[in-house]
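Notes to accompany the following structure.
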Amino acid sequence: MTAPGAPDVVRSAYAQLAVTDLAKARWFWVDMLGFHVQYEDADSLYLRGTDELTHHSLVLRRGEVAALDHLAYRVRTPEDVDRAEKYFRDLGRPVRRVPAGQGARGVGDAVRVIDPLGFPVEFFHTIERGERLIQRYDLRRGAEIARLDHFNICTPDIPAAYAHYQNLGFGCSETIEGDEHELYAAWMYRKQTVHDVAFTGGAGPRLHHVGVATHESHHVLRTADLFGSLHEEKHIERGPGRHGVSNAFYLYLRDPDGHRVEIYTSDYYTGDPDHETYRWNVHDDRRRDFWGNAVIESWYKEAAPVLDLDGTPQPVTDTLLDESAVTVGADGLG
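Right, dumping it as structure tokens:
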């Protein structure tokens, strides 16, 4: 249930990543994955998928350290930006108002906070529109990215993450739980898909991955083939495969700075008001890969640092529960 005074979040909207080499990042995200360049200058790239009408869903900016600059959620009204500011101030969290023109290009009045989990998060309502590209088939290339789908974050306290996002009005589609209902991971949503944000247990705060959607499973396979054909298979970390959680077909890649992206398709609708949370047991080896394929150790252990509101890397706290230490066939760890 949404906490009193919380902003009305519509969906995950964009991520801003700091990258150390913008030219290499452009090759990966634009040439290989197929993001559309909405705007670029010497220090930044603003990207979106073919289905998106907002100015951008991914910002890459030049930085000294590869890290998450901030995640952003769109809220329903301009007044919800004010609500977000008051809500997080009342929680005693660091808050910074970002007037239109002083933050990300195309974004109106916004507020940035360090949330209770230690993540830099922006809330905004107004954003410039982009040209409709849904039927510009002539522009499609690479993975044919359609839209941003979700964020996945590493946090040492999954129950605290669950409670925070529940207070923001998020529903829960699926979980991974222990025999005594210990919470190892959760998938939570505002838009009517499996998730806008998911929590992977681990040292944090760190960004595990940004999930981007493509329309069909053959686009996922084509992405792997493209990297292989150019002898760039080192960027493929895991997959292709099918998740147990979400049922989605997936491929995980690492960009030249190590940022992880999931190419994602074929999840399901969660919009019915009586949608029930599906609970996976941590010993079920189909949970992370429905075919029982092993999850490599880097997928559990490696993630990107996150910055505070002044651009300084945040300190990391060790995890309370370590899913990778549970010995089951699919993971082969522990």
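In my numbering, the protein residues as written are 20 to 353. Ideal Cβ placement from N, Cα and C applies to all residues, glycine included.
{"Query": "In its own chain, which residues sit with a C-beta less than 7 Å from the C-beta of Glu-104, not counting the 5 before and 5 after it?", "Result": "Val-114, Arg-116, Val-130"}
{"Query": "When DSSP labels each residue in this structure, what does Met-20 get in the three-state scheme?", "Result": "coil"}
{"Query": "Tell me which residue opens and which closes the beta strand (DSSP E) that Val-239 is part of.", "Result": "Per DSSP, Val-239 belongs to no beta strand (DSSP E); it is in the alpha helix (DSSP H), 236 to 248."}
{"Query": "Contact check, Thr-96 vs Ile-146 under 8 Å by CB: the rounded distance?", "Result": "Not a contact, Cβ separation roughly 13 Å."}
{"Query": "Distance check for Tyr-288 and Pro-275, CA to CA, integer angstroms please.", "Result": "33 Å"}
{"Query": "Kindly indicate which residue of Pro-332, His-234, Arg-209 has the alpha-carbon position closest to the one of Arg-166.", "Result": "His-234"}
{"Query": "Where does Ser-76 sit, in a helix, a strand or coil, going by DSSP?", "Result": "coil"}
{"Query": "Of the choices Leu-66, Asp-62, Asp-99, whose alpha-carbon is the least far from that of Arg-81?", "Result": "Asp-62"}
{"Query": "From Glu-252 to Leu-36, what distance separates their C-alpha atoms?", "Result": "23 Å"}
{"Query": "Within 10 angstroms of the Cβ of Val-78, are there 16 or more other Cβ atoms? Answer buried if so, exposed if not.", "Result": "buried"}
{"Query": "When you compare the CB positions of Phe-359 and Val-325, do they come within less than 7 Å of one another, or not?", "Result": "The question about residue 359 has no answer here: the residues shown for the chain are numbered 20 through 353."}
{"Query": "Residues bridged to Asp-60 by DSSP?", "Result": "Ser-63"}
{"Query": "Are the segment 180 to 200 and the segment 292 to 311 touching, with three or more C-beta to C-beta distances below 8 Å?", "Result": "yes"}
{"Query": "If you draw a straight line from the C-alpha of Ile-315 to the C-alpha of Arg-306, how long is it?", "Result": "14 Å"}
{"Query": "Determine the DSSP secondary structure at His-214, reduced to helix, strand or coil.", "Result": "coil"}
{"Query": "In or out: Ala-22 buried (at least 16 other Cβ within 10 Å) or exposed?", "Result": "exposed"}
{"Query": "Does the distance from the CB of Val-132 to the CB of Phe-143 come in under 7 Å?", "Result": "no"}
{"Query": "Provide the residue span of the alpha helix (DSSP H) that contains Trp-318, from first to last.", "Result": "316 to 320"}
{"Query": "Does the beta-carbon distance from Ala-25 to Leu-187 come in below 7 Å?", "Result": "yes"}
{"Query": "Can you give the Cα-Cα distance for Tyr-65 and Lys-43, rounded to whole angstroms?", "Result": "15 Å"}
{"Query": "CA-CA distance, Asp-60 and Arg-124?", "Result": "11 Å"}
{"Query": "For Arg-159, which three-state DSSP category applies?", "Result": "coil"}
{"Query": "Report buried or exposed for Val-10, applying the criterion of at least 16 other Cβ atoms within 10 angstroms of its Cβ.", "Result": "No answer is possible for residue 10: the residues shown for the chain start at 20 and end at 353."}
{"Query": "Take Ala-222 and list the residues in its own chain whose beta-carbon comes closer than 7 Å to its own, dropping the five residues that flank it on each side.", "Result": "Cys-173, Pro-175, Val-335, Thr-336, Asp-337, Thr-338"}
{"Query": "Runs of 3 residues minimum, wholly inside the segment 133 to 199: which ones carry the beta strand (DSSP E) assignment?", "Result": "139 to 143, 166 to 174, 190 to 196"}
{"Query": "In terms of residue numbering, what span does the beta strand (DSSP E) encompassing Asp-99 cover?", "Result": "Run containing Asp-99: none in the beta strand (DSSP E); it sits in the alpha helix (DSSP H), 97 to 109."}
{"Query": "Is the separation between the beta-carbon of Asp-99 and that of Asp-168 shorter than 7 Å?", "Result": "no"}
{"Query": "I need the DSSP call for Phe-47, collapsed to helix, strand or coil.", "Result": "helix"}
{"Query": "Taking buried to mean at least 16 other C-beta atoms within 10 Å of its own C-beta, is Thr-331 buried or exposed?", "Result": "exposed"}
{"Query": "CB-CB under 6 Å to Val-347, same chain, minus the five flanking residues each way: which ones, in chain order?", "Result": "With a pLDDT of 43 at Val-347, under the threshold of 50, the modelled position of this residue cannot be trusted, and the question is left open."}
{"Query": "Looking at the strands, I want to know which residues DSSP matches up with Tyr-208.", "Result": "Gly-190"}
{"Query": "Please go through the segment 281 to 335 and give each complete beta strand (DSSP E) segment of 3 or more residues, from N-terminal end onward.", "Result": "297 to 300"}
{"Query": "Using DSSP with H/G/I as helix, E/B as strand and the rest coil, what is His-89?", "Result": "strand"}
{"Query": "Is Arg-261 closer than 7 Å to Tyr-271 when the C-beta atoms are compared?", "Result": "no"}
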